[in-house]
Amino acid sequence: MKYKILTSDDSKMVRVIVARTFSPFNCEILEAGTGTEALEVVAKHSPDLIILDITMPDMTGLEVLKTLRANPVTASIPVVMLTAESANKTVEEADRLSVSGYIAKPFKPEQLLAQVKSIIDLQPA
Ligand SMILES: [Mg+2]
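So the sequence shown is numbered by the working numbering: it starts at -3 and just counts up by one.
Listed below in structure tokens is the structure:
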């Protein structure tokens, strides 16, 4: 199965690193630079997993997450937070919204890969 993974981050550099991290695997990487864009991509392409930043210019990742969880169609998409935001309150809120993982920036690509592999069965391309 070819998984679709969405990277939503306002940093182009992070999106490039994420895309590069998953390029050896049989998956398609979708990108969004804002929260609004992320919701549009989700509606259009139904990704299997989302790697979500918190601090973005239009909506925060937590707002995106809340919106996803409130819609039965998107409520169960696994989400891994990838963020520089590490305040306890934020982590707890993400936890309440059932995130599958929480990775703090700066991150190691192997760390992200391990987290994602524990959620979906990625195979080499
Ligand atoms: Mg950001």
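Glycine is no exception: its CB is placed at the ideal position from the N, C-alpha and C atoms.
message = DSSP has S114 in a bridge; who is on the other side?
response = In the sequence shown, residue 114 corresponds to position 118, counting from 1. None, per the DSSP bridge assignment.
task = Say yes only if the C-beta of T3 is nearer than 6 Å to one or more non-hydrogen atoms of ligand 1, and no if none qualify.
result = Looking up residue 3 in the sequence shown gives position 7. No, the beta carbon of T3 sits no closer than 6 Å to any heavy atom of ligand 1.
query = Residues bridged to P120 by DSSP?
reply = Here the question's residue 120 lines up with position 124 in the sequence shown. F21, per the DSSP bridge assignment.
key: Closer than 6 Å: D54 CB and nearest ligand 1 heavy atom   = In the sequence shown, counting from the first residue as 1, residue 54 sits at position 58. Answer for D54: no, Cβ out of range of ligand 1.
query = If you drop the 5 nearest sequence neighbours on each side, which residues of the same chain put their C-beta closer than 7 Å to that of S82?
reply = One-based indexing of the sequence shown puts residue 82 at position 86. Once the five neighbours on either side are set aside, the close Cβ partners of S82 are A100.
Unbroken beta strand (DSSP E) run spanning V60, endpoints = Position 64 of the sequence shown, counting from 1, holds the residue named residue 60. Unbroken run through V60 is the alpha helix (DSSP H), 57 to 66; no beta strand (DSSP E).
key: N- and C-terminal bounds of the beta strand (DSSP E) containing A100   = In the sequence shown, counting from the first residue as 1, residue 100 sits at position 104. Element bounds for A100: 97 to 100.
inquiry  = For M(-3) and N22, what's the separation of their Cα atoms in angstroms?
reply    = Within the sequence shown, residue -3 is the residue found at index 1, counting from 1. Within the sequence shown, residue 22 is the residue found at index 26, counting from 1. If you take the alpha carbons of M(-3) and N22, they lie about 8 Å apart.
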